[in-house]
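No gaps in the numbering here: position 67 of the sequence shown is 1123 in our numbering, and each next residue is one more. The beta-carbon is built from N, C-alpha and C at its ideal position, and this holds for glycine as well. Note that the coordinates shown come from a computational prediction; the quantities given were computed from them, not determined experimentally. Take a look at the structure below.
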Amino acid sequence: MTRERVAALGLDIGRKRVGVAGCDGLGLLATGLMTLYRKSFAQDLATLGQVVAERQVDILVVGLPLLADGSLGIQAKETRNYAKRLGKALDLPIAYVDERCTSVAAEALIRESGRSPSDNKGLIDRKAAAIILQQWLDDRCTSPKV
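In structure tokens, the structure reads:
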């Protein structure tokens, strides 16, 4: 049995930066690719459009910063609106992943490597994007196929 090709891009969308992660073609392992420092939507789109084209991406996996009770707060609504604009402009579907703990997990990984999280905010964003994408990939593998 052969596995289908997976070409997903993980995004950790913030007000100043977007962490970007990609996965291997089998959809087993997510890795941070870059941190996009947000300027204008048009510039963000041009940069992400290049990554999408190079990697032949067919889905955007976006971390949604839900509130503790699971509802959408202001940041989650902003993230969702930005993601919808990206999806529409890039003609790609969007999958959302609860990202409530990803930045904390990313900071812990950076501390473990002996670096300071406060000096490596772009790295935190990339690692958070990889965690978001990995969670989605893992969920795909464990979800029953209908």
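Asked, Found
"Residues near residue 1069 by beta carbon distance below 6 Å, same chain, minus five either side", "1135, 1138"
"Spatial neighbours of residue 1121 in its chain, beta-carbon cut-off 8 Å, leaving aside the 5 residues before and after", "1129, 1131, 1132, 1135, 1155, 1156"
"Residue 1197 burial status per 10 Å Cβ neighbour count (16 or more: buried)", "exposed"
"Continuous alpha helix (DSSP H) stretch holding residue 1105: start and end", "1097 to 1111"
"Limits of the alpha helix (DSSP H) - the one that residue 1070 falls within", "Note, residue 1070: premise wrong, no alpha helix (DSSP H); not H, not E."
"Beta-carbon proximity of residue 1067 to residue 1117, cut-off 8 Å", "yes"
"For residue 1087: DSSP bridge partner residues", "1078"
"Nearest to residue 1182 (by Cα), restricted to the options 1071, 1061, 1064, 1088", "1088"
"Top-ranked residue by Cα proximity to residue 1092, from 1113, 1145, 1102", "1102"
"Backbone CA spacing between residue 1171 and residue 1114 [nearest angstrom]", "34 Å"
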